[in-house]
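Data first, discussion second: the structure below is written as structure tokens.
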Amino acid sequence: MRVNQSSTNRAPRQDKPGRLRLDQVLVDRGLVESHSQALALILAGKVRVGDGDAARLDHKPGDVIPLDTTVAVTGAAPYVSRGGHKMAAALDAFGIDPARLVGLDVGASTGGFTDVLLQRGASKVYALDVGRGQLAETLRRDSRVVSMERTNARDLDSATLPEAVDIATIDVSFISLHLVLGPVAATLRPGPDSQIVALVKPQFEAGRGRTDHGVVRDRLIHREVLERTVAAARRLGFGTRAVIASPIAGPEGNREFLVQLAPGPSCAEIDDRIAEATETTDLRGSTVPAPSPTWSPPS
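Under the numbering used here, residues 132 to 430 are what the sequence shown spells out, in order.
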């Protein structure tokens, strides 16, 4: 997860003597370099649990297994962190091709969003984070990545970067997304083709007293948070083109959403899109595939 735009990897607790979460087993056995890598491998179906015909690849990171279980990594994770799966799903659903574009990844942390943009052909990505030492070494060594550590997104303006960007991605925690939308928008290249893909985290938007031990379980609150995000973008001159439920739950099973923002009006069916995104959310920790959103200008 991302804390103040950076990531901290908390080791999952041992649930019972002789049993442990699968992601922690990978870390403890030295099969991965970090907890983030463990999550990414499991989610990508690259971790085999068990022996022979009973072996499975469809486990979840939080599954608790006996400590004597055979566990093997069968291949490399597609992205440096689980966040990559979220961004890949968003780009696919929104029909965004970042090839040859200059990007800004706000709250880069390990660099999952940055990784996806690069794998899909982005010419350069500014990886910004308020913390330091989180960006994956493979990305840090990539000549297309400009690491901007100890940089607060709220301080961004049109002069912060040496050039305007075509696409910005946002994943921030413990502050409202609304606080960084304006500064991030100021870094975009003027014109209708610039866009923002933002991760919306209801647990940081709902307000005090509206979570259950840090988890937002009420779909009506999810919808309200998304509607407020649409309104915040509108005040900046940005429309909400599409919204989907994240394919991966956030911390403690929190449901999260991804929105596509661009200069101009929102799609004519944005209210329906919000309803679809919130209704496809399974609060037990998985998501039902959402319909592919399409953008239609208001009549």
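Yeah, the Cβ is synthetic: ideal placement off N, Cα and C, and Gly gets one too.
If you're wondering where the values come from, they're calculated on a predicted model, not measured in any experiment.
Verify whether the separation of the beta carbon atoms of phenylalanine 369 and alanine 316 is less than 8 Å. yes
I need the boundaries of the alpha helix (DSSP H) containing arginine 365, first residue and last residue. Here the alpha helix (DSSP H) through arginine 365 covers 350-366.
Near arginine 285, what residues of its chain come up, given a Cβ to Cβ distance below 7 Å and the 5 sequence neighbours on each side ignored? The beta carbon of arginine 285 lies closer than 7 Å to those of Leu310, Val311 and Pro314 in the same chain, with the five residues before and after it left out.
Do the CB positions of alanine 329 and isoleucine 301 come within less than 8 Å of each other? yes
Does the beta-carbon of histidine 166 have 16 or more other beta-carbons within 10 angstroms, so that it is buried, or is it exposed? buried
Integer Cβ distance of leucine 235 from tyrosine 257, believed to fall under 8 Å: That belief holds up - the Cβ atoms of leucine 235 and tyrosine 257 are roughly 5 Å apart, short of 8 Å.
Among Pro323, Asp194 and Asp189, the one whose alpha carbon lies nearest that of threonine 371: Pro323
Taking DSSP as the reference, what is the three-state secondary structure of proline 378? coil
Is arginine 231 near the ligand ADP, judged by its Cβ being under 7 Å from some heavy atom? As for the ligand ADP, it is missing from this structure, which has no ligand bound.
Pair within 8 Å by beta-carbon distance, lysine 177 and alanine 220: no
I'd like the list of long-range same chain contacts for glycine 416, defined as Cβ closer than 6 Å, with 5 residues on each side in sequence excluded. Bear in mind that the predicted position of glycine 416 carries a pLDDT of just 38, short of 50, making it too unreliable to give a figure here.
Where does isoleucine 401 sit, in a helix, a strand or coil, going by DSSP? helix
Within the same chain, show all residues whose beta-carbon is closer than 6 Å to that of threonine 282, passing over the 5 residues directly before and after it, in chain order. Leu259
With a CB to CB cut of under 6 Å and the five nearest residues on each side skipped, what residues in its chain are close to isoleucine 375? So the qualifying residues of the chain are Ala224, Leu389, Ala408 and Ala421.
Quick one: does lysine 255 have its CB under 8 Å from some CB of chain C? Structure shown: chain C not included; a single protein chain is present.
Residue interval of the alpha helix (DSSP H) (run including isoleucine 393): In the sequence under discussion, the amino acid at residue 393 is alanine, which differs from the isoleucine named in the question. Per DSSP, alanine 393 belongs to no alpha helix (DSSP H); it is in the beta strand (DSSP E), 388-394.
Hey, how far is the Cα of leucine 308 from the Cα of leucine 392? 13 Å
Does the contact criterion of 3 or more C-beta pairs under 8 Å hold for the segment 261-278 versus the segment 232-251? yes
I believe histidine 216 touches leucine 188 by the beta-carbon criterion, under 8 Å. Please report the beta-carbon distance rounded to the nearest angstrom. No, histidine 216 and leucine 188 are not in contact; Cβ-Cβ is about 15 Å, not under 8 Å.
How big is the Cα-Cα spacing for valine 211 and proline 382? 18 Å
What does a CB cutoff of less than 8 Å around glycine 345 pick up in its chain, not counting 5 residues either side in sequence? Gln334, Pro382, Glu383 and Asn385
As a quick exercise: from Val195, Arg354, Arg160 and Gly226, pick the residue whose alpha carbon is nearest that of valine 204. Arg160
Going residue by residue through the segment 143-214, where are the continuous beta strand (DSSP E) segments of at least 3 residues, counting only ones entirely within it? 150-152, 178-180, 195-197 and 202-204
Using the three-state DSSP reduction, which class does glutamine 326 fall into: helix, strand or coil? strand
Go ahead and pull the three-state DSSP assignment for aspartate 228. Reduced to three states, the DSSP call for aspartate 228 is coil.
Using the three-state DSSP reduction, which class does lysine 255 fall into: helix, strand or coil? In the three-state reduction of the DSSP assignment, lysine 255 falls in the strand class.
Quick check: the Cα distance between proline 396 and arginine 350, rounded to an integer number of angstroms? 25 Å
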